[in-house]
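Just so we're aligned: the sequence shown equals residues 1 to 208 in this note's numbering. Beta carbons: idealized from backbone N, C-alpha and C, even for Gly. Worksheet: the structure to be examined is printed underneath.
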Amino acid sequence: MTYAYKLMDSPVGQLKLVANGERLAAILWENDKPNRVRLGTSIEANDRPILIESERQLNEYFAGKRQAFDLALDFQGTEFQKKVWHALLTIPFGQTRSYKEIALQIGNVNAVRAVGAANGKNPISIVAPCHRVIGASGELTGFAGGLANKMLLLSLEAGQTSLEAAADGAIATSASAPAPAPAHKVEARAKPARHAPSVGTQASLFGN
1 MTYAYKLMDS PVGQLKLVAN GERLAAILWE NDKPNRVRLG TSIEANDRPI LIESERQLNE
61 YFAGKRQAFD LALDFQGTEF QKKVWHALLT IPFGQTRSYK EIALQIGNVN AVRAVGAANG
121 KNPISIVAPC HRVIGASGEL TGFAGGLANK MLLLSLEAGQ TSLEAAADGA IATSASAPAP
181 APAHKVEARA KPARHAPSVG TQASLFGN
C-alpha cells in the first residue's frame, strides 16, 4: 500500500500529513520517532484534496477558529488501539480525560497501561486529541510531539485566541517567573472542568 503525504508548517513545528486514498491516515510530528507509526511507503502529493483540506482545518484550529475537525479518517492499528483512538475522538474541545477514564470508557478498567501505550501510538495527532489525555493526578505525561507542544495545545483550548498567543504567553511567563511551575500546576490552570464523555462530530468519521 502506498500512502500520499504533504508537509505543513505550523506553530508546533513541521507536520507530515499522510493520506490513504481520500482519508487522512496520519499527522506526524517533525521529530517523530521513525517506528512510532508504521504506514509503509509514501509519496509526496501536495494536490491530494484530503491533505489540502486537512491543512486548512488545522490552520483554523491553530488560529483559534475551529474546535472540531470534519475529516474522513483511516486508522491503521489493532482492534484495541482503534477503540482507544475512537475514544479520543469523543473528548470535547477544552476538556481532558485520564488514562483510567479512557479505560473505563472502552470497557476495560484494568487496561490503563495498555491505554497509555495505544495513546502513544495514536497516528492522527491533534485531530484525534491524544494531547487531552493526562495523568490521574492531573500531570502532563509523555507526548509524541513533546510536552511543550502538549501544554501549548491545552492552553489554546483553554481560551487562547491562537496558538501563537499561547506560545507568547508561555514565553512571557517563563521570562518573568523565577522558576517554572510544576507540570501539574501549569496544566491545572489550562484544564477546564471535566464531565462524562460525549460523542463529538469527529466520532462518526472514524474509519474502521
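query	result
Identify which residue in 24, 146, 40 and 79 has its Cα closest to the Cα of residue 55.	24
Please confirm whether residue 26 and residue 7 have their CB atoms less than 8 Å apart.	no
Are the Cβ atoms of residue 37 and residue 121 separated by less than 8 Å?	yes
Are the beta-carbon atoms belonging to residue 19 and residue 50 less than 8 Å from one another?	yes
Rounded to whole angstroms, what's the CA-CA distance from residue 109 to residue 16? Just pull it up for me.	34 Å
Using three-state DSSP, classify residue 127 as helix, strand or coil.	coil
Pick out whichever of 74, 132 and 138 has its Cα sitting closest to the Cα of residue 152.	132
With respect to the alpha helix (DSSP H) encompassing residue 121, which residues constitute its N-terminal and C-terminal limits?	From DSSP, residue 121 is part of no alpha helix (DSSP H); its letter is neither H nor E.
In or out: residue 171 buried (at least 16 other Cβ within 10 Å) or exposed?	Note that residue 171 scores 47 on pLDDT, short of 50, meaning its location in the model is unreliable and no value can be drawn from it.
The beta strand (DSSP E) spanning residue 149 covers which residue range?	Residue 149 -> not in any beta strand (DSSP E); alpha helix (DSSP H) instead, spanning 147-157.
Below 7 Å CB to CB, which residues in the same chain sit around residue 100 once its five sequence neighbours on both sides are set aside?	112 and 136
Which complete alpha helix (DSSP H) runs does the stretch 30-79 hold, if anything under 4 residues is left out?	49-62
By the DSSP assignment, the alpha helix (DSSP H) with residue 102 in it spans what residues?	99-105
Pop quiz: residue 69 and residue 127 are said to be a contact at Cβ under 8 Å. What is the actual Cβ separation, rounded to whole angstroms?	5 Å
Spatial neighbours of residue 48 within its chain, please: C-beta separation below 7 Å, excluding the five flanking residues on both sides.	4, 6 and 19
Going by DSSP, name the residue or residues bridged to residue 209.	What is shown of the chain runs 1 to 208, which leaves residue 209 out entirely.
Consult DSSP for residue 218 and reduce its assignment to one of helix, strand or coil.	Nothing in the structure corresponds to residue 218, since the chain is present only between 1 and 208.
Given that a residue counts as buried once 16 or more other Cβ atoms are within 10 Å of its Cβ, and exposed if not, what is residue 215?	Because residue 215 is not part of the residues shown, which for the chain are 1 to 208, the question remains open.
Measure how close the beta-carbons of residue 62 and residue 125 come, nearest whole angstrom, since I'm counting them as under 8 Å.	Residue 62 to residue 125, Cβ: 13 Å. No contact.
In the DSSP assignment, what are the bridge partners of residue 4?	19 and 43
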